[in-house]
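Chains A and B supply the protein sequences, listed in that same order. Just so it is clear: in the first sequence, position 7 is 7 by the UniProt record's numbering, and no numbers are missing. Just so it is clear: in the second sequence, position 89 is 89 by the UniProt record's numbering, and no numbers are missing. See below for the structure under consideration.
2 protein chains.
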Amino acid sequence: MKIGELAQHSGVAPSTIRFYESKGLLKSARSSNGYRQYNSDSLRQIQLIRFSQSLGFSLDEMPSAATAEDGFDHDLILERLEGKRQEAAALLEQIQRKADRLNSLITLLNENWAEGQCLPAQTLTNLLDEANY
Amino acid sequence: MKIGELAQHSGVAPSTIRFYESKGLLKSARSSNGYRQYNSDSLRQIQLIRFSQSLGFSLDEMPSAATAEDGFDHDLILERLEGKRQEAAALLEQIQRKADRLNSLITLLNENWAEGQCLPAQTLTNLLDEANY
DNA sequence: ATTGACCTTAAAGCTGACTTTAAGGTTATA
DNA sequence: TATAACCTTAAAGTCAGCTTTAAGGTCAAT
Numbered sequence: 001m002k003i004g005e006l007a008q009h010s011g012v013a014p015s016t017i018r019f020y021e022s023k024g025l026l027k028s029a030r031s032s033n034g035y036r037q038y039n040s041d042s043l044r045q046i047q048l049i050r051f052s053q054s055l056g057f058s059l060d061e062m063p064s065a066a067t068a069e070d071g072f073d074h075d076l077i078l079e080r081l082e083g084k085r086q087e088a089a090a091l092l093e094q095i096q097r098k099a100d101r102l103n104s105l106i107t108l109l110n111e112n113w114a115e116g117q118c119l120p121a122q123t124l125t126n127l128l129d130e131a132n133y
Numbered sequence: 001m002k003i004g005e006l007a008q009h010s011g012v013a014p015s016t017i018r019f020y021e022s023k024g025l026l027k028s029a030r031s032s033n034g035y036r037q038y039n040s041d042s043l044r045q046i047q048l049i050r051f052s053q054s055l056g057f058s059l060d061e062m063p064s065a066a067t068a069e070d071g072f073d074h075d076l077i078l079e080r081l082e083g084k085r086q087e088a089a090a091l092l093e094q095i096q097r098k099a100d101r102l103n104s105l106i107t108l109l110n111e112n113w114a115e116g117q118c119l120p121a122q123t124l125t126n127l128l129d130e131a132n133y
């Protein structure tokens, strides 16, 4: 498989695939003309990268392709997943608070601000005080 | 008030205040020596910027200091807040799915992977398939 | 008079995950 | 044989929201 085909199959741009390789996350064989050659393992590896990203891992947090070949350490992996679970829970709370602030602000504006009127900046900063931020 | 004092009162670095001014979000008077002079309105304005950020608005989405002086348009503000509410709801779902993926992956690993063992890469990509990603 | 803590500007640097550009080599098709 | 559609590299550009740097001016206290 050439890089364009791998791009098609994985849904990831060729430039991105080269970028992952430059970060050490992916290895590639070369054919005689210098083109990169891939197989189904390469596709798996890309899927693993995207999956890990979807869990909140940055590219730098991922083990290099060389390291990954030796298999993964049980305790280390579970520890990191647990860490990400906690991060996700914290993020969830944070976004929830944001949504709450938006909801109360919308309610507040609908109650205190007649349609067609123009809200003076002062009133808005008062609302800001009420929103308790 | 000089910029350092405003920084103290607002909890925002002087460089950030200058940055906000360069983006047109903040205006400043100057004293005879060229130093920026602020008042309590400046503090309000900064609080409004941080509050708007906390609702998910980018700096570019915020009206410039000049525009804001004329007051705000009811329909426009409510429309944008509603937009952000929907964005926040979508984000909330997305993070929730991430947390779910993390939870099922942790469960899956605990069930299928004895402590002290080393997980072969192949097994991990199988789990990836099971995680249905 | 000098030190140190402030202030000024424009411009460059930082983060992460890429994309784009420039300059060129390869291959299949018309 | 020429043209298009691929591929290669290294290096620079993108985004947002800042921070840092460099080179200097101001001011209060010693």
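Cβ atoms here follow ideal geometry from the backbone N, Cα and C, with glycine treated the same way.
* Asked: With burial defined as no fewer than 16 other Cβ atoms inside 10 Å of the residue's Cβ, what is the status of GLY34/B: buried or exposed?
  -> exposed
* **Under the three-state DSSP convention, the category ALA29/B falls into** => strand
* Asked: Does the Cβ of LYS84/A have 16 or more other Cβ atoms within 10 Å, making it buried, or fewer, making it exposed?
  -> buried
* Pull out every residue of the UniProt domain "HTH merR-type" (1-68) of chain A whose Cβ sits closer than 7 Å to any Cβ of chain B, in chain order. => ARG44, GLN47, LEU48, PHE51, SER54, LEU55, GLY56 and ALA68
* To do: Determine the DSSP secondary structure at PHE72/A, reduced to helix, strand or coil.
  => strand
* Of the residues SER52/B, LEU25/B and HIS74/B, which one's Cα is nearest the Cα of LYS98/A? -> SER52/B
* Asked: For the alpha helix (DSSP H) that contains PHE57/B, what are its first and last residues?
  -> Note, PHE57/B: premise wrong, no alpha helix (DSSP H); not H, not E.
* Asked: Is the stretch 97-114 of chain A in contact with the stretch 72-81 of chain B, if contact means three or more CB pairs nearer than 8 Å?
  -> yes
* Could you name the residues of the same chain whose beta carbon sits closer than 6 Å to that of LEU59/B, not counting the 5 residues immediately before and after it, in chain order? => LYS23
* Please work out which residues of its chain come closer than 6 Å, Cβ to Cβ, to ALA29/B, disregarding the five sequence neighbours upstream and downstream, and give them in chain order. => GLN37
* **Proximity to HIS74/A [Cα-Cα], best of ILE106/B, GLU61/B, LEU76/B and GLN8/B** => ILE106/B
* Members of the stretch 88-109 of chain A that neighbour chain B once the beta carbon cut-off is set at 8 Å -> ALA88, ALA89, LEU91, LEU92, ILE95, GLN96, LYS98, ALA99, ARG101, LEU102, ASN103, LEU105, ILE106 and LEU109
* Euclidean distance between Cα positions of LYS2/B and ASN110/B -> 58 Å
* Around the C-beta of GLY56/B, are 16 or more other C-beta atoms found within 10 angstroms, so that it is buried, or is it exposed? -> buried
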